[in-house]
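*Asks:*
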Amino acid sequence: MDRSGTRIAAGILLVALIIRVAFVLATPNYTLVHDAIDYDRHAASIANGHGFALSYGRPTAFRPPAYPFFLAAVYKVVGTGDKAQRVEWARIANAFVGVGIVALIGLIAFQLWGRREALAAMALGAIYIPLILVGQSVMSEPLFVLCMLGSIACILHSRASGWVAAAGVLLGLAILGRANALILLAPLAFAVWKRPWGLKAPVALCVIAALTVAPWTIRNYDTFHAFVPVSTQFGSALAGTYNSEARADKVNPASWRTLKRVDDYRPIYSKIRSTPEPVLEQQLRSASVDFIKAHPGYVLTVAWWTTRRMLDLAGMEWSIHTAGTISASRGWAIAGVICFWIFGVLAIFGATTRRARAAPLWLWAIPLLMYLGVVFLVVETPRYRTAIDPFIVLLAALTLTRTRTDPRPP
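In terms of the UniProt record's numbering, the sequence shown has 305 at position 305, counting the first letter as 1, and numbering is strictly consecutive.
#1: Helix, strand or coil: how does DSSP classify residue 257 here?
#2: Report all residues from its chain with a CB closer than 8 Å to the CB of residue 54; omit the five preceding and five following residues, and keep chain order.
#3: Under three-state DSSP, which class holds residue 236?
#4: Leaving out the 5 sequence neighbours to the left and right, which residues in its chain are closer than 7 Å to residue 143 when beta-carbon positions are compared?
#5: Taking 7 Å as the cut-off, is the C-beta of residue 332 nearer than that to any heavy atom in the ligand ATP?
#6: If residue 136 sits next to residue 24, beta carbons under 8 Å apart, how far is it from one beta carbon to the other, in whole angstroms?
#7: In or out: residue 389 buried (at least 16 other Cβ within 10 Å) or exposed?
#8: Measure the beta-carbon distance from residue 212 to residue 169 and round it to whole angstroms, keeping in mind my assumption that it falls under 8 Å.
#9: Return the CA-CA distance between residue 293 and residue 13, expressed in angstroms with no decimal places.
#10: Between the stretch 317-325 and the stretch 352-367, do three or more beta carbon pairs fall short of 8 Å?
#11: Between which two residues does the alpha helix (DSSP H) carrying residue 367 extend?
#12: I'd like to confirm the pairing. Which residues does DSSP put opposite residue 413 in its beta bridges?
#13: Determine the DSSP secondary structure at residue 7, reduced to helix, strand or coil.
#14: Contact defined as beta carbons within less than 8 Å: I believe residue 309 pairs with residue 141. What is the distance between those atoms, to the nearest angstrom?
#15: Tell me, please, which residues DSSP counts as bridged to residue 58.
#16: If you draw a straight line from the C-alpha of residue 192 to the C-alpha of residue 208, how long is it?
#17: Leaving aside the five residues before and after residue 290 along the sequence, list all residues of the same chain whose C-beta is less than 6 Å from its C-beta, in chain order.
#18: Given this structure, state the Cα-to-Cα distance separating residue 16 from residue 304, to the nearest angstrom.
#19: What residue from 42, 376, 76, 348 has the CA that sits closest to residue 240's CA?
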């Protein structure tokens with residue numbers, strides 16, 4: 001990018017940072033809820049030298065470790081004594097991560113298409129409300145997406161083997177942020193397969209990613225004497241959706257619910273304090289699979305409703321409810337939905353351009369895989385769409401920079 005483009009990009013990033021930090025400072029009554037409580041608790045424990053905090057009085061690997069350790073590094077600097085102060089700094093740290101996401105959206109657009117598209121994508125990313133809302137919360141998704149986009153940018157730049165290695169490390173960190181990032185190994189390995197190194201590149205990518213994850217896997221084996229690659233979330237994710245209450249719900253069909261309220265699994269969940277976490281996960285997973293076998297058609301019902309929720313088309317009240325899981329207010333939740341719909345329409349038009357079709361197929365496989373990774377489980381927007389939103393921004397940027405050589409939308 002030329003000097004003027006670099007200056008414009010720097011200005012966009014500054015605006016993105018100002019917006020995000022201002023949002024944090026303008027919402028001092030932000031409250032930790034749900035997952036954020038765990039992240040803060042683990043991070044404070046790590047920062048104080050005690051490692052992961054206990055869960056229900058026993059060791060845990062329920063939360064993937066990347067974000068708690070990142071947050072612990074922040075707490076190590078700002079201290080853990082004043083909870084309100086440390087939470088504010090946690091949110092500001094995520095604001096910087098959000099700016100990194102905007103920068104990487106621009107970098108990927110530049111690598112794929114050029115200066116104009118990169119600046120448009122950055123500008124759109126800077127003001128895209130769903131990314132701002134997730135980025136102001138004490139949640140793991142921004143760090144995960146930063147690592148995911150970083151690995152993609154490295155792959156697109158991988159003219160030397162060092163970039164493949166960097167992509168492997170970042171992919172490993174993404175997996176340590178969200179366990180479902182494991183499915184990204186396939187498209188990224190395919191992306192480097194046809195490079196000059198042949199099979200060596202995809203093998204190296206996978207090995208380096210595995211080595212990045214390995215210390216946590218070893219910790220889990222040492223703690224539980226069981227193979228837990230990253231986390232023990234899958235069983236509860238399945239059980240919360242595949243149960244009689246969710247299946248019979250006429251107001252919010254096939255919606256995930258906390259296991260404390262699910263009678264089907266009460267005999268299992270009631271022993272949570274005395275059951276090792278990997279054993280509990282296996283029991284919940286097995287019971288959920290039995291439920292699916294008994295009600296196979298319900299899987300399609302889940303996919304239908306989670307897809308609608310992914311698109312914020314399952315009712316505004318539900319979107320407001322799920323935005324509340326990241327402590328977003330009603331007004332901002334509605335603004336986020338409307339913003340997503342506008343960007344979504346732009347993205348549809350952008351997908352019809354020659355530039356979108358010229359981009360490598362493995363790139364577009366990534367948001368598809370991120371969708372498939374949650375569509376049969378649970379979707380809460382904007383949070384669970386965070387890994388897909390950068391691609392919506394990229395496609396929207398193609399609409400705003402449409403050229404005469406691009407076909408016009410029907």
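Every residue gets a Cβ at the ideal spot worked out from N, C-alpha and C, and that includes glycine.
*Replies:* Taking the geometry as given:
#1: By one-based count along the sequence shown, residue 257 stands at place 257. Of the three classes helix, strand and coil, the one that applies to residue 257 here is coil, per DSSP.
#2: Residue numbering aside, residue 54 sits at position 54 when the sequence shown is read from its first letter. Excluding sequence neighbours, residue 54 sits near 60.
#3: Taking the sequence shown and counting its residues from 1, the one referred to as residue 236 is at position 236. DSSP, read as helix, strand or coil, puts residue 236 in helix.
#4: One-based indexing of the sequence shown puts residue 143 at position 143. Counting only Cβ-Cβ distances below 7 Å, and skipping sequence neighbours, we find 66, 67, 70, 97, 177.
#5: With respect to the ligand ATP, the structure shown offers nothing to examine, as it has no ligands at all.
#6: Walking along the sequence shown from the start, residue 136 turns up at place 136. Walking along the sequence shown from the start, residue 24 turns up at place 24. Correct: roughly 6 Å between the Cβ atoms.
#7: Counted from its first residue, the sequence shown places residue 389 at position 389. Residue 389 is buried by the Cβ-count criterion.
#8: Here residue 212 is taken as the residue at index 212 of the sequence shown, counted from 1. Here residue 169 is taken as the residue at index 169 of the sequence shown, counted from 1. That pair is a contact at about 5 Å.
#9: Position 293 of the sequence shown holds residue 293. Position 13 of the sequence shown holds residue 13. Going from the Cα of residue 293 to the Cα of residue 13 covers about 50 Å.
#10: no
#11: As a first step, residue 367 is located in the sequence shown; it is residue number 367 there, counting from the start. That run of the alpha helix (DSSP H) goes 361-375.
#12: Since the displayed the chain opens at 1 and closes at 410, residue 413 lies outside it and no answer follows.
#13: As a first step, residue 7 is located in the sequence shown; it is residue number 7 there, counting from the start. Reduced to three states, the DSSP call for residue 7 is helix.
#14: For this step, residue 309 is matched to residue 309 along the sequence shown. For this step, residue 141 is matched to residue 141 along the sequence shown. The pair is not a contact, with the Cβ atoms about 16 Å apart (cut-off 8 Å).
#15: Within the sequence shown, numbered from 1, the residue matching residue 58 stands at position 58. Note: residue 58 sits in a beta bridge opposite 55.
#16: Taking the first residue of the sequence shown as position 1, residue 192 is located at position 192. Taking the first residue of the sequence shown as position 1, residue 208 is located at position 208. C-alpha separation (whole angstroms): 14 Å.
#17: As a position in the sequence shown, residue 290 is number 290, starting the count at 1. Counting only Cβ-Cβ distances below 6 Å, and skipping sequence neighbours, we find nothing.
#18: As a position in the sequence shown, residue 16 is number 16, starting the count at 1. As a position in the sequence shown, residue 304 is number 304, starting the count at 1. Those two C-alpha atoms are separated by around 35 Å.
#19: Stepping through the sequence shown from its first residue, residue 240 is reached at position 240. Measuring from the Cα of residue 240, the nearest candidate turns out to be 376.
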